[in-house]
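Peer 1: For reference, the structure I am asking about is given below.
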Amino acid sequence: MGNEELIVKLQELFPAASIIQGNDWPEISFESGADFLSTIDVLKSDQTLAFDYLFCETCVDWKTHFTMVYHLDSTRFRHNIVLKYKLDRETPEIDSLSFVYRTSEQHEREIFDLFGIIFKGHPNLKRILLTEDWVGYPLRKDYDDPINMIKL
Amino acid sequence: MFEEIKTSNDGELVINVGPQHPATHGVLHLLITLNGETITKLEPNLGYIHRSIEKMCESLSYRQFIYSTSRMDYLSSHMNNHACAMIVEKGLQVEIPERAEVIRVLISELTRLASHQLWWGAMAMDLGALSPFFYSFREREVITDIMEETCGARLTMNYIVPGGLMADIHPNFVKRVKDFIIQFNSKIDEYDQLVTGNIIFQNRMKNVGYLSPEDAISYGTTGPVARGSGVSCDIRKLYPYSAYNKVKFEEILETGGDSFARYLVRIKEMKQSISIIEQLIDNIPEGDFQAKTKAVLKLPKGEFYQRVETARGELGVYLVSEGGTTPYRIKFRSPGFSNLSALNHMVKGHKIGDLVAIMGTLDLVIPDIDR
Amino acid sequence: MDVIITEPSTPFPGSVHEVPGGGIVLSTLDDVINWARSNSLWPLVFGTSCCAIEMMSAASAKYDFSRFGFEVARATPRQADVIIIAGTIVNKMAPVLKRLFDQMPDPKYVIAMGACATSGGPFFYNTYSVVKGADHVIPVDVYVAGCPPRPEALLHALITLQEKIKSGLTRDQIRAQFQEDGK
Ligand code: SF4
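Protein chains in written order, with the working numbering: chain A, 1 to 152; chain B, 1001 to 1371; chain C, 2001 to 2183.
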């Protein structure tokens, strides 16, 4: 499907979400509180979408809130979308995708490690890159470490 | 720090492999649960070379951040630079001169060759054959010499910069690459004779570490690992960038899904790389090697994503710009990180001796995983 | 054609006294031990990142550090004499490095290869996890500059280490000697 068709199709499926055309691919964003797992389920199992390949999963700290960003690809149709999900800063929680896309098990551990997002239902949520006793979440914008970090 | 070696009541044993272990090619730490000699569970413990590149890039300008990426996957440093240069160019919307594009592809393919050569030597060494290591380094040195002449560095090149190239190619470049191609063409057959047909090698590779196509997709594996399972995922082919739409090459797909299939993919990929180089080396267009760009680059507000095929698979760069001179957030989706996540699935049920063979065919570069 | 035989840069320590029927070598035991020790240094296979590739280049056919007595690269610290820190050391790795160093039998030597192992190098500023120089963790004998250093630079470092061992002096003594020479 081309990007325009995709946008039309997605608007049909998710009337509540805001969909725009990004730089490369359509971007679909959800506010916090939306049912995330069922969204993913539709995106993955719909016969004309078939987004079966999660190639990038990350998080952005916007100081007031977090945004989870998922890049999805379809190995059958070769179309891509960007999926965004807003999280609030005090209780950043989202459903884990580790049973939908196995790759996200490791990605989510990394995001938990560096951003402190809690993934509900993750089988093994603990720090992966830093040591267990590390304090703080380094990729957050307000992270400060006067000992290890030498600022220019 | 490490889990002590322990046994549970049902006879399971947990052992540590790494972080300092010659077969992990760096500082990877694996916690392996064994039942007798059979692996029942494997859990990677990463971060022994986590250099906080993503955080560092947030305070580096768009010209500076490229250098840190050549230290990520240092065996495909050109492709890393290429991805970053392209994402900046995408934001600035500058057109790159034809000459620069062709040279970028040429030099990326040379890097791919060098990387696969090193993989070949190191993997054979893991299996206990020491001479392939010396064979592969013999050819690799020729490539590094060519690189050195043109880029000024042997490993961490930073030759591809936003707007084009750092400098024009050296006058000797074309001739030396041609010489190398002639020489290397015969060497690939030698590689085949030395290793591929070897019965011990085949026994250790075939039917080991099977990864089904569905799992390959679900685990997000890319590059030769996924192509060994028959999943088409070559970014050069699917989403052509740079000058890749001008050249003819095949995407190598093997359906075996085992270690041997992944081995074959890489060997055949080397031949494809040679063919790409052969097509381009005589057709480098004349002209500038750099587009005109400002000294201080400012990207417009927005989000950009660029995918590139490195020697290990798909590298994605996700860049969020707030309109300033530095990225607001940058994420490197490194191929090794996802490929590693499939390891647990692949080694389950195999003997511990096979672990090394399977890991060898994943071609892991640890700084690429940890960033 | 005249064949010019050059003196080996560091000949066998001691002096030969001619006596009828041969010669006697006079030397001190320390010198002989140091001489022997310096010519058979076994490095530990240890590389964390990019510099390790250059270390491998130095080990392979073209540069071949076995010419200088380094060929037996060992995978276990218990059999190694010298550890070449090839690559960045991060906070999580630092205790491991210390442990490796502690496991090596005395006498042991350390070469810090590359900018990262020397000072943190390109990862000095704005990183939260990089140790700014391996000498915060273990004592270093020889530092090599470069990112990555060329294999020749590593060879030079290895030869420098040999000279240090042969001289039998400590770091402070060597420094004092240099200062005297300077005057
Ligand atoms: S000094 Fe440079 S090449 Fe060596 S490990 Fe550090 S970044 Fe890599």
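Note that the Cβ used here is the ideal one computed from N, Cα and C, for glycine as well.
Compare the Cα-Cα distances from P1367 (chain B) to each of B:V1247, B:N1172, B:M1147 and B:R1312 and report the closest residue.
Peer 2: Looking up residue 1367 (chain B) in the second sequence gives position 367. Taking only the C-alpha atoms, the option nearest P1367 (chain B) is B:R1312.
Peer 1: For chain B, check one thing: does any of its Cβ atoms lie closer than 9 Å to the Cβ of N2039 (chain C)?
Peer 2: Here the question's residue 2039 (chain C) lines up with position 39 in the third sequence. It does not; no Cβ of chain B falls within 9 Å.
Peer 1: Mind checking who Y1318 (chain B) pairs with in its DSSP beta bridge?
Peer 2: On the second sequence, position 318 is the one that residue 1318 (chain B) refers to. Looking at the DSSP assignment, Y1318 (chain B) forms a beta bridge with B:Y1305 and B:K1331.
Peer 1: Ordered along the chain, which non-local residues of its own chain (more than five positions away) have a Cβ less than 6 Å from that of G1431 (chain B)?
Peer 2: Because chain B spans 1001 through 1371 in this model, residue 1431 (chain B) falls outside it and cannot be assessed.
Peer 1: Once the 5 residues before and after Y143 (chain A) are set aside, which same chain residues still bring their CB inside 6 Å of it?
Peer 2: Mapped onto the first sequence, residue 143 (chain A) falls at position 143. Here the set comprises G136.
Peer 1: So what does DSSP say about V2185 (chain C), is it helix, strand or coil?
Peer 2: Lying before the first or after the last residue shown, residue 2185 (chain C) is absent from chain C, which here runs from 2001 to 2183.
Peer 1: Mind listing which residues have their beta carbon within less than 6 Å of any non-hydrogen atom of the ligand SF4? Chain order is fine.
Peer 2: Counting every residue whose Cβ lies closer than 6 Å to a heavy atom of the ligand SF4, we get B:R1071, B:T1156, C:S2049, C:C2050, C:C2051, C:G2087, C:T2088, C:G2114, C:A2115, C:C2116, C:G2121, C:P2122, C:C2147 and C:P2148.
Peer 1: Give me, in chain order, the residues of the same chain whose beta-carbon lies closer than 6 Å to that of S1229 (chain B); leave out the 5 immediate sequence neighbours on both sides.
Peer 2: As a working mapping, residue 1229 (chain B) is identified with position 229 in the second sequence. Excluding sequence neighbours, S1229 (chain B) sits near L1211, P1213, A1216 and G1257.
Peer 1: Just list the alpha helix (DSSP H) runs in the segment 2079-2120 of chain C, keeping only unbroken ones of 4 residues or longer that don't cross its boundaries, in chain order.
Peer 2: Fully enclosed alpha helix (DSSP H) runs of 4 or longer: 2094-2103 and 2114-2119.
Peer 1: Would you grab the beta carbon distance between W25 (chain A) and I81 (chain A) for me? Rounded to a whole angstrom, and I think it's under 8 Å.
Peer 2: Position 25 of the first sequence, counted from the start, is the residue given in the question as residue 25 (chain A). Position 81 of the first sequence, counted from the start, is the residue given in the question as residue 81 (chain A). Their Cβ separation, rounded to whole angstroms, is 6 Å, which keeps W25 (chain A) and I81 (chain A) in contact under 8 Å.
Peer 1: Quick one: what's got a C-beta closer than 7 Å to M1001 (chain B)'s C-beta in the same chain, skipping five residues either side?
Peer 2: Numbered from 1 along the second sequence, position 1 holds the residue referred to as residue 1001 (chain B). Because the pLDDT of M1001 (chain B) is 46, which lies under 50, any placement of that residue in the model is unreliable, and the question is left without a value.
Peer 1: Please classify V60 (chain A): is it buried, with 16 or more other beta-carbons within 10 angstroms of its beta-carbon, or exposed?
Peer 2: Counting from 1 along the first sequence, the entry for residue 60 (chain A) is found at position 60. Label assigned to V60 (chain A): buried.
Peer 1: Who are the Cβ neighbours of G1323 (chain B) in its own chain at under 8 Å, not counting the five residues just before and after it?
Peer 2: To locate residue 1323 (chain B), count along the second sequence from 1; it is residue 323. Closer than 8 Å at Cβ, skipping near neighbours: K1298, L1299, P1300 and K1301.
Peer 1: Compare the C-beta of D145 (chain A) against all C-beta atoms of chain C and say whether one is closer than 9 Å.
Peer 2: Looking up residue 145 (chain A) in the first sequence gives position 145. Yes, because at least one Cβ of chain C sits closer than 9 Å to the Cβ of D145 (chain A).
Peer 1: On a CA-only basis, which of C:R2099, C:Q2103 and C:A2052 is nearest R2150 (chain C)? Give me that one, please.
Peer 2: In the third sequence, counting from the first residue as 1, residue 2150 (chain C) sits at position 150. With distances taken between Cα atoms, R2150 (chain C) lies closest to C:A2052.
Peer 1: What span of residues does the alpha helix (DSSP H) with Q1193 (chain B) cover, start to end?
Peer 2: In the second sequence, residue 1193 (chain B) corresponds to position 193, counting from 1. Per DSSP, Q1193 (chain B) belongs to no alpha helix (DSSP H) and is neither H nor E.
Peer 1: Please look up how many angstroms separate the CB atoms of D113 (chain A) and I128 (chain A), rounded, as I've assumed it's under 8 Å.
Peer 2: As a working note, residue 113 (chain A) is residue 113 in the first sequence. As a working note, residue 128 (chain A) is residue 128 in the first sequence. With a Cβ gap of about 5 Å, D113 (chain A) and I128 (chain A) count as contacting.
Peer 1: Just checking my contact of H1050 (chain B) with R1371 (chain B) at CB under 8 Å: how many whole Å lie between their CB atoms?
Peer 2: In the second sequence, counting from the first residue as 1, residue 1050 (chain B) sits at position 50. In the second sequence, counting from the first residue as 1, residue 1371 (chain B) sits at position 371. Between R1371 (chain B) and H1050 (chain B) the Cβ distance is about 7 Å, and since that is below 8 Å, they are a contact.
Peer 1: If we count Cβ pairs, one from each stretch, closer than 8 Å, do we get three or more for the segment 1092-1111 of chain B versus the segment 2027-2034 of chain C?
Peer 2: Counting Cβ pairs under 8 Å, fewer than three are found: no touch.
Peer 1: What residues from the segment 2111-2125 of chain C come within 8 Å of chain B, judged by C-beta to C-beta, listed N to C?
Peer 2: From the segment 2111-2125 of chain C, only P2122, F2123 and Y2125 have a Cβ closer than 8 Å to chain B.
Peer 1: My parser needs the alpha helix (DSSP H) runs of 4 or more residues fully inside the segment 28-72 of chain A; what are they?
Peer 2: Whole alpha helix (DSSP H) segments, 4+ residues: 36-45.
Peer 1: Does the beta-carbon distance from G1047 (chain B) to L130 (chain A) come in below 9 Å?
Peer 2: In the second sequence, counting from the first residue as 1, residue 1047 (chain B) sits at position 47. In the first sequence, counting from the first residue as 1, residue 130 (chain A) sits at position 130. Yes; because the gap between Cβ atoms is below 9 Å, this pair is in contact.
Peer 1: By the criterion of Cβ-Cβ separation under 8 Å, what are the contact partners of K2092 (chain C) in chain B?
Peer 2: Looking up residue 2092 (chain C) in the third sequence gives position 92. By Cβ distance, chain B contributes G1047, Y1048 and H1050.
Peer 1: Taking the straight line between their C-alpha atoms, what separation do you get for N1283 (chain B) and W1120 (chain B)?
Peer 2: If you number the second sequence from 1, residue 1283 (chain B) lands on position 283. If you number the second sequence from 1, residue 1120 (chain B) lands on position 120. The straight-line gap from Cα to Cα measures roughly 30 Å.
Peer 1: From L125 (chain A) to I1199 (chain B), what does the alpha carbon distance come to, in whole angstroms?
Peer 2: To locate residue 125 (chain A), count along the first sequence from 1; it is residue 125. To locate residue 1199 (chain B), count along the second sequence from 1; it is residue 199. Whole-angstrom Cα-Cα distance: 43 Å.
Peer 1: Are the segment 1048-1068 of chain B and the segment 2116-2135 of chain C in contact at 8 Å, needing three or more beta carbon pairs?
Peer 2: Output reads yes: the segment 2116-2135 of chain C touches the segment 1048-1068 of chain B.
Peer 1: Mind the definition here: the segment 1150-1157 of chain B touches the segment 1083-1101 of chain B only if three or more C-beta pairs lie below 8 Å; say whether that holds.
Peer 2: With a cut-off of 8 Å, the segment 1083-1101 of chain B and the segment 1150-1157 of chain B do not count as touching, because too few Cβ pairs lie within range.
Peer 1: Under 8 Å by Cβ, that's how I've got E1309 (chain B) and R1236 (chain B) pegged, so tell me the actual separation to the nearest angstrom.
Peer 2: Here residue 1309 (chain B) refers to the residue found at position 309 of the second sequence. Here residue 1236 (chain B) refers to the residue found at position 236 of the second sequence. Rounded, the Cβ-Cβ distance is 5 Å, consistent with contact.
Peer 1: Determine the extent of the beta strand (DSSP E) in which K1038 (chain B) is found, giving its start and end residues.
Peer 2: Counted from its first residue, the second sequence places residue 1038 (chain B) at position 38. According to the sequence displayed, residue 1038 (chain B) carries Thr and not Lys. Element bounds for T1038 (chain B): T1038 to N1045.
Peer 1: Do you know how far the Cα of P123 (chain A) is from the Cα of Y85 (chain A)?
Peer 2: For the purposes of this step, residue 85 (chain A) is taken as the residue at position 85 of the first sequence. For the purposes of this step, residue 123 (chain A) is taken as the residue at position 123 of the first sequence. Near 21 Å, if we compare the C-alpha coordinates of P123 (chain A) and Y85 (chain A).
Peer 1: Can the beta-carbon of K2108 (chain C) be found less than 9 Å from the beta-carbon of I2085 (chain C)?
Peer 2: Counting from one through the third sequence, the residue named residue 2108 (chain C) turns up at place 108. Counting from one through the third sequence, the residue named residue 2085 (chain C) turns up at place 85. It is not a contact, given that the beta carbons lie outside the stated cut-off.
Peer 1: With a threshold of 9 Å between beta carbons, is F1173 (chain B) in contact with chain C?
Peer 2: Counting from 1 along the second sequence, the entry for residue 1173 (chain B) is found at position 173. By this cut-off, F1173 (chain B) is not an interface position.
Peer 1: State the start and end residues of the unbroken beta strand (DSSP E) segment that holds L87 (chain A).
Peer 2: Translated into positions along the first sequence, residue 87 (chain A) becomes position 87. Where L87 (chain A) is concerned, the enclosing beta strand (DSSP E) stretches over N80 to D88.
Peer 1: The beta strand (DSSP E) spanning H1345 (chain B) covers which residue range?
Peer 2: By 1-based counting over the second sequence, the position of residue 1345 (chain B) is 345. Element bounds for H1345 (chain B): not the beta strand (DSSP E) but the alpha helix (DSSP H), L1343 to V1347.
Peer 1: Which residues mark the beginning and the end of the beta strand (DSSP E) in which E1012 (chain B) is found?
Peer 2: Mapped onto the second sequence, residue 1012 (chain B) falls at position 12. Run containing E1012 (chain B): E1012 to V1017, per the beta strand (DSSP E) assignment.
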